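Counting in the working numbering, the final residue of the sequence shown is number 155, and the numbers go up one at a time with none missing.
Ideal Cβ positions, reconstructed from N, Cα and C, are used throughout, including at glycine.
Note that the coordinates shown come from a computational prediction; the quantities given were computed from them, not determined experimentally.
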Amino acid sequence: MLKDVKQGLDVKIVEPVNLYGCELGDRVFVGPFVEIQRGAVIGADSRVQSHCFICDLVTIGERCFIGHGVMFTNDLFSHGGPARGDRTLYRETAIGNDVSLGSNATILPVKIADGCVVGAGAVVTKDLLVKGVYAGNPARLIRKLP
Numbered sequence: 010m011l012k013d014v015k016q017g018l019d020v021k022i023v024e025p026v027n028l029y030g031c032e033l034g035d036r037v038f039v040g041p042f043v044e045i046q047r048g049a050v051i052g053a054d055s056r057v058q059s060h061c062f063i064c065d066l067v068t069i070g071e072r073c074f075i076g077h078g079v080m081f082t083n084d085l086f087s088h089g090g091p092a093r094g095d096r097t098l099y100r101e102t103a104i105g106n107d108v109s110l111g112s113n114a115t116i117l118p119v120k121i122a123d124g125c126v127v128g129a130g131a132v133v134t135k136d137l138l139v140k141g142v143y144a145g146n147p148a149r150l151i152r153k154l155p
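What follows is the structure, encoded as C-alpha cells:
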C-alpha cells in the first residue's frame with residue numbers, strides 16, 4: 010500500500026510495502042516488506058532493503074544503506090508503557106549522509122554522524138557522533154574512519 014507518499018525522481022519501490030505519509034528523495038530504492046510511517050524522510054540515493062521498519066520522526070540522509078531487517082523505534086516507553094499514538098512522547102532519530110546500517114540493527118532515537126557504519130545486529134542506544142565503525146549491544150566504537 011502506498012498512501013500520500015511524496016516521491017522524488019526515479020524512485021524504485023518493490024511491492025508489497027506499507028508506505029504512508031512519508032517522503033522519498035530522488036533515486037531512493039525501497040525493497041519488499043518494508044513499512045515507512047508518516048513523517049519519515051529518506052534522502053536521495055539511499056537504499057532501504059527488505060523487511061525494514063522506519064517509524065515516524067526518522068530522518069535518513071543521502072546515500073545511506075539500510076540493510077535487511079533494520080528496525081527503528083521512536084517510543085522509549087518513558088511513561089512505563091507504549092505511547093499509544095501520543096506523538097508528544099515520541100523521540101526523533103537523525104541519520105547523517107553516507108551511513109550504512111547492517112542487517113537486523115536496531116536503532117533507538119539517536120543521532121548518527123555522517124559516514125558511520127553500524128554492524129549487523131547492533132543495537133544503537135546512544136548518539137554516534139564520531140565517524141567510525143560501531144558494533145555490539147549496545148553499539149560501541151570499534152574503530153574511527155578517516
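Below 8 Å, how does it come out for the stretch 87 to 95 and the stretch 49 to 57: are there three or more Cβ pairs, yes or no? Taking a cut-off of 8 Å on C-beta distances, the stretch 87 to 95 does not touch the stretch 49 to 57, as fewer than three cross pairs fall below it.
Counterpart residues of E44 in DSSP-defined beta bridges: Answer by DSSP bridge pairing, in chain order: N27 and F62.
Taking the beta strand (DSSP E) that A1 falls in, what are its first and last residues? Residue coverage of the chain in this structure runs from 10 to 155, which leaves residue 1 outside it and unanswerable.
Between the Cα of G34 and those of K12, T68 and E24, spot the shortest distance and give me the residue it belongs to. Distances from the alpha-carbon of G34 to those of K12, T68 and E24 put T68 closest.
I think I151 touches V142, with their Cβ atoms under 8 Å apart; what is that distance to the nearest whole Å? Rounded, the Cβ-Cβ distance is 5 Å, consistent with contact.
Whole beta strand (DSSP E) elements within the stretch 94 to 128, 3-residue minimum: Whole beta strand (DSSP E) segments, 3+ residues: 102 to 104.
Starting from the Cα of L98, find the closest Cα among F86, F38 and I75 and give me that residue. Among F86, F38 and I75, the Cα nearest to that of L98 is on F86.
Starting from the Cα of I75, find the closest Cα among I45, N83, P25 and G17 and give me that residue. Across the set I45, N83, P25 and G17, the C-alpha of I45 shows the shortest separation from the C-alpha of I75.
By Cβ distance, which residues of its chain are closer than 8 Å to L11, with the 5 residues on each side in sequence left out? Cβ within range, chain order: I22, V26, L28 and Y29.
When the Cα atoms are used, what is the spatial distance from S2 to D13? The first residue shown for the chain is 10 and the last is 155, placing residue 2 beyond what the model contains.
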